[in-house]
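Participant:
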Amino acid sequence: ANRGAAQSGYMNGFQRNNAEFGNYLGGNNTFVDSRNGQQQVLQHTQPGQPTHDPRTGQTYVMDNLGQYHVRGNDGYWYPMNPMR
386 ANRGAAQSGY
396 MNGFQRNNAE
406 FGNYLGGNNT
416 FVDSRNGQQQ
426 VLQHTQPGQP
436 THDPRTGQTY
446 VMDNLGQYHV
456 RGNDGYWYPM
466 NPMR
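Taken in order, the sequence shown gives residues 386 to 469; the numbers are from my numbering.
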């Protein structure tokens, strides 16, 4: 049972890494909201261009240093972290 669980965990991690590499090749990265851990795939090639996700209603923007921020319901901007 332990061996099966270990193999399953390895394969799941391998698939996640491949999916993220595919995102990266397409000019995107997965970023994590520092407030709640929610993940969002965003372009890493467009600093200063706001991105609005109609599905969630969230607005994201990358600064000139490559740091993404999400606008909260209170109007303040909160940092997003690259998924590791």
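In this text, a Cβ means the ideal position worked out from N, Cα and C, and glycines have one as well. What you are looking at is a predicted structure, and each value in this text was computed from that prediction instead of being measured.
Would you please state the rounded distance, in angstroms, between the beta carbons of N413 and Q423? I believe it to be under 8 Å.
Facilitator: With 8 Å as the limit, N413 and Q423 do not qualify as a contact, their Cβ atoms being about 16 Å apart.
Participant: Output the boundary residues of the beta strand (DSSP E) element that contains Y461.
Facilitator: Careful: Y461 lies outside any beta strand (DSSP E) and carries neither H nor E.
Participant: Compute every distance between the C-beta of T415 and the non-hydrogen atoms of the ligand ATP, then say whether any falls below 8 Å.
Facilitator: Among the components of this structure there are no ligands whatsoever, and the ligand ATP is therefore not found.
Participant: Here's a check: name, in chain order, each residue in its chain whose Cβ is nearer than 6 Å to the Cβ of R456, leaving out the five neighbours to either side.
Facilitator: Answer for R456: T444, W462, listed in chain order.
Participant: Using the Cα positions of S393 and N403, report the straight-line distance between them to the nearest angstrom.
Facilitator: Whole-angstrom Cα-Cα distance: 15 Å.
Participant: Compare the Cα-Cα distances from T441 to each of S419, N458, M468 and report the closest residue.
Facilitator: Nearest option by C-alpha distance: N458.
Participant: Using alpha carbons as the reference points, say which of D438, P439, D418 lies closest to H454.
Facilitator: Comparing Cα positions, the closest option is D418.
Participant: Please report the distance separating the alpha-carbon of T436 from that of V446.
Facilitator: Those two C-alpha atoms are separated by around 6 Å.
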